[in-house]
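Below is one structure, written out as structure tokens; comments come after it.
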Amino acid sequence: MKKSKLVLIYFIFIGFALHAQTVNIPDTNFLKAIIKNGVDKNGDGLIQLDEAKLVDSLNVSQDSIKNLKGIEAFSSLAKLDCYFNLLNEIDISKNTSLTYLCCFGNKLKTIDISQNKKLKFLFCYTNQLSSINVSHNLKLEVLDIHNNQISFLEISKNKKLTKISCFSNQLKNIDLKQNKKLEYLFCYSNQFTSIDFSGNLKLRVLDCHSNNISSLDFSKNLALEELDCAGNILKNLHLSANLALKELDSAENPDLREICLDKSHLEIIKNDSENWEKDEFVKWVIDCKN
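Numbered by my numbering, the letters in the sequence shown go through residues 531 to 820 in order.
Spelled out as structure tokens, the structure:
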């Protein structure tokens, strides 16, 4: 009898131990999406802690997920795609191995990435963010936060950034002096009145259309290839130093009358006029006076 009781206690203990090793995932859509990723190796319809620890990449996008509870168990996770869901919040504080996060198209009002210090790529556009703090993410290379309600962006510590997409927000200022590696900047449809690009010598593509910018200085941006500055209030535009320039849109600047170019630009325009847009009353000028 004692032996039978001991056996029973043993199996109860084992049962509790196994249950304790199961990751708590209350959102059934999240659980199904994880299983669809092939994480459930033993086929029991649950996710064991040992199974979660093996995962370094997870795509649970477009699955009507409301809650990512359980993601904290995926301690080796380096890449997470969870875009186009119904998420109001996301806690990735335990996922310290993350280098890539794509969470666009949700309902996020805040996001805390202070513990994700290995993060290199962040795509959290088309949410409801009013602010974002990337001061702890010193390895960040690509930041895409467009189509939110962000009014302030501090990126002076993010010196490895090569691409920023912050268009369709409520930004009035942006300091790019420390972002020496920046090559691509899409900052259109904000409230900028001026932007200093003098420290961004590697800048290749700039789209700053639909702001309130009155002047732009590209004298040091010799690598610039594509420029869209349409829909501003520019009074002059000097591009004679930008010999790499291949595309320009300067339309809808009502006070702009002349655009200063280099002779080599005229040959490019002659062969590819569709990629050089301006208002009809604006002239291409070689002999630049101002």
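Just so you know, even glycine gets a beta-carbon here, dropped at the ideal spot from N, CA and C.
None of the values given here were measured: they were computed from a predicted structure.
Around the CB of residue 764, 16 or more other CB atoms lie within 10 Å, so the residue is classed as buried. No Cβ-Cβ contact shorter than 7 Å links residue 612 with residue 594. For residue 700, the closest of 587, 713, 677 by C-alpha to C-alpha distance is 677.
Separation of the CB atoms of residue 567 and residue 588 is rounded to 6 Å, and the pair is thereby assigned contact status at 8 Å.
Cβ neighbours of residue 727 within its own chain (closer than 8 Å, five residues either side excluded): 706, 733, 736, 746, 747, 748, 750, 751.
Per DSSP, residue 723 has no beta-bridge partner at all. Annotated three-state conformation of residue 552 is strand, per DSSP.
When the beta-carbon positions are compared, residue 695 and residue 679 stay at least 7 Å from each other.
In the three-state reduction of the DSSP assignment, residue 651 falls in the strand class, which pools E and B. Residue 630 holds the alpha-carbon nearest to the alpha-carbon of residue 651 among 638, 641, 645, 630. Here residue 665 has 684, 687 as same chain residues with Cβ atoms under 7 Å from its own Cβ, once five neighbours each way along the sequence are excluded.
Beyond the five residues adjoining it in sequence on each side, residue 657 comes within less than 6 Å, by CB distance, of 636, 638, 678 in the same chain, given in chain order. Proximity to residue 669 across 704, 626, 682 peaks at 626, based on C-alpha coordinates. Sequence-distant Cβ neighbours of residue 551 in its own chain, meaning closer than 6 Å and more than five residues away, are 578, 579. Annotation: residue 816 to residue 775 spans about 15 Å, alpha carbon to alpha carbon. Between residue 771 and the set 814, 753, 607, the nearest pair of CA atoms involves 753. When 601, 605, 792, 758 are compared, the shortest CA-CA separation from residue 619 is found for 601. Runs of alpha helix (DSSP H) with 4 or more residues, each lying fully within the segment 748–806, are found at 793–801, listed in chain order.
Look at residue 560 here: in three-state DSSP terms it is helix. In the three-state reduction of the DSSP assignment, residue 580 falls in the helix class, which pools H, G and I.
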